[in-house]
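Notes for the one structure printed next.
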Amino acid sequence: MKHNRFAALLLAGTLAAGLTGCGVGTQQETPGVTDTPSAPPELEAGKVAVLYYDYQDTYLTSVRQALDTGLEEAGLTYLDYDCGNDQQTQDQAVDAALEDGCAILAVNLVSSGDQQAAQAILDKAAAAGAQVIFFNRPVEAKDGAGALLGAEAYENVVAYVGTDPTQAGRLQGEMIGKYLLNHYDQVDLNGDGIITYALLQGETDNVEAIYRTQYSVENANRLLTEGGRPELIYFDPEGTYSFQADESGAWSAEAAQAYMAENLTRFTQEKGNMIELVICNNDEMAQGAITALQAVGFNTGDIGGKTIPVFGVDATPAAQALIAQGMMTGTVKQDYEAMAAAICQLAQGAARGAGLAKTAASLVSSDPTYSLAEGLDNVVYVAYATFTVR
Numbered sequence: 003m004k005h006n007r008f009a010a011l012l013l014a015g016t017l018a019a020g021l022t023g024c025g026v027g028t029q030q031e032t033p034g035v036t037d038t039p040s041a042p043p044e045l046e047a048g049k050v051a052v053l054y055y056d057y058q059d060t061y062l063t064s065v066r067q068a069l070d071t072g073l074e075e076a077g078l079t080y081l082d083y084d085c086g087n088d089q090q091t092q093d094q095a096v097d098a099a100l101e102d103g104c105a106i107l108a109v110n111l112v113s114s115g116d117q118q119a120a121q122a123i124l125d126k127a128a129a130a131g132a133q134v135i136f137f138n139r140p141v142e143a144k145d146g147a148g149a150l151l152g153a154e155a156y157e158n159v160v161a162y163v164g165t166d167p168t169q170a171g172r173l174q175g176e177m178i179g180k181y182l183l184n185h186y187d188q189v190d191l192n193g194d195g196i197i198t199y200a201l202l203q204g205e206t207d208n209v210e211a212i213y214r215t216q217y218s219v220e221n222a223n224r225l226l227t228e229g230g231r232p233e234l235i236y237f238d239p240e241g242t243y244s245f246q247a248d249e250s251g252a253w254s255a256e257a258a259q260a261y262m263a264e265n266l267t268r269f270t271q272e273k274g275n276m277i278e279l280v281i282c283n284n285d286e287m288a289q290g291a292i293t294a295l296q297a298v299g300f301n302t303g304d305i306g307g308k309t310i311p312v313f314g315v316d317a318t319p320a321a322q323a324l325i326a327q328g329m330m331t332g333t334v335k336q337d338y339e340a341m342a343a344a345i346c347q348l349a350q351g352a353a354r355g356a357g358l359a360k361t362a363a364s365l366v367s368s369d370p371t372y373s374l375a376e377g378l379d380n381v382v383y384v385a386y387a388t389f390t391v392r
């Protein structure tokens, strides 16, 4: 887990917030303990707290920049919190934001898919009369769709902005399958007629990561077999799983680089068992994999040089640059501007009392970029799209 930048401050009784709009200060004091219970906080309808799981996440940096601009242009006051990839820090940030009068909490949950953590935040918000817009990271388990977001207890209190958890994997798999069919002999370095792959997964239990892993391979295999080629084979026959996960939950370049550097000490072109394809759950992990490959002479971008296809998800500016330079093969675009715009519109609707579900319906009806999850009128999905220049 990454270093918790604010833990010491929180334990001392303060919580640092990021730059804010509409003239709000940059640091909020956490009330001290008293002998008498405090009165419910006075909430301000147009005051928003945005709680990011970790400022170090590249994709979320883009979301934050776009959302800050959108909230400011909408005339909403906002406070940004960096939760340092620590759920306790985020829980304390929720308390501080409510005490500071934030009537709208936009929460990028640290413990993704943890219904208990999400429910604790919802219960605090509901008791204070605030509304919650979860975004980007799932708040329910893989088999628990609607348990919180569809619960009557939280009707008109909660909404979610994210993505269809299966779509990124499906698009990535189709992109991989098409690429391999067009470049099969070039990718098959040892000429055995089979492509061996490594897969770097963001988290073990995150529903987005699980489906990206599943459908990227399934869809690639479907296209390969339809094209008369054998299915992909995981590079390590002794591996417990057909993926390597970032145990910190940060989907980081560092974790990916460490895995690939170790892999490439045992699986080499000289031994004839070289990894021939790398599939990554996000672009940061793709960057880490590429760094490891470059250390052994691959993916340098040189014309005629040796390149292992690397695919990611997010279409971050860094990934787009790597693709343009010939160091990375493709990615799936997760539209950070559209995600920020949806959060902003839901916050505006909440601020004027329009209701989260009603605002979500209006957003979806006016822009084909968005859709509603089946059976849930408060869950907005942002569409993915493939990105490659090859």
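Counted the way the working numbering counts, the sequence shown spans residues 3 to 392.
Just so it is clear, CB atoms sit at the ideal spot from N, CA and C, and this is done for glycine as well.
- The C-alpha of F137 is placed about 7 Å away from the C-alpha of A108.
- I106: member of the beta strand (DSSP E) spanning C104 to V109, first to last residue.
- Per DSSP, reduced to three states, the secondary structure at Q121 is helical.
- In the three-state reduction of the DSSP assignment, V189 falls in the helix class.
- Looking from the CA of G193, the closest CA among N87, G332 and E272 belongs to E272.
- In this structure, the beta-carbon distance from T309 to F300 falls below 8 Å.
- Around the CB of I196, fewer than 16 other CB atoms lie within 10 Å, so the residue is classed as exposed.
- DSSP places T390 in the coil class of the three-state scheme, outside both helix and strand.
- Listed in chain order, the beta strand (DSSP E) elements of length 3 or more contained wholly in the stretch 183 to 255 are 198 to 203.
- Here the alpha carbon of C282 sits roughly 6 Å from the alpha carbon of Q203.
- Between V141 and Q174, the C-beta gap is not smaller than 8 Å, which leaves the two residues out of contact.
- If you draw a straight line from the Cα of E210 to the Cα of C346, it is about 23 Å long.
- Per the coordinates, the alpha-carbon of S367 lies some 14 Å from the alpha-carbon of L358.
- Under DSSP, D316 shares a beta bridge with K335.
- Ranking Q246, G171 and I235 by CA distance to the CA of T206 puts Q246 first.
- Here D190 has I196, I197 and E278 as same chain residues with Cβ atoms under 8 Å from its own Cβ, once five neighbours each way along the sequence are excluded.
- A straight-line Cα-Cα distance of about 30 Å links N265 and A387.
- A Cβ-Cβ distance of about 4 Å is found for the pair T390 and G332, placing them in contact under the 8 Å criterion.
- Under DSSP, no beta-bridge partner is assigned to K144.
- When DSSP reads this structure, E46 sits in a beta bridge with C104.
- Counted as a single uninterrupted DSSP element, the alpha helix (DSSP H) harbouring G290 occupies residues D285 to A297.
- Beta bridge pairing from DSSP links V134 with L107 and V160.
- Counting C-beta atoms within 10 angstroms of its own C-beta, G229 has fewer than 16 neighbours from the protein chains shown and is therefore classed as exposed.
- Ranked by Cα distance from A155, the options D337, T165 and D125 are led by D125.
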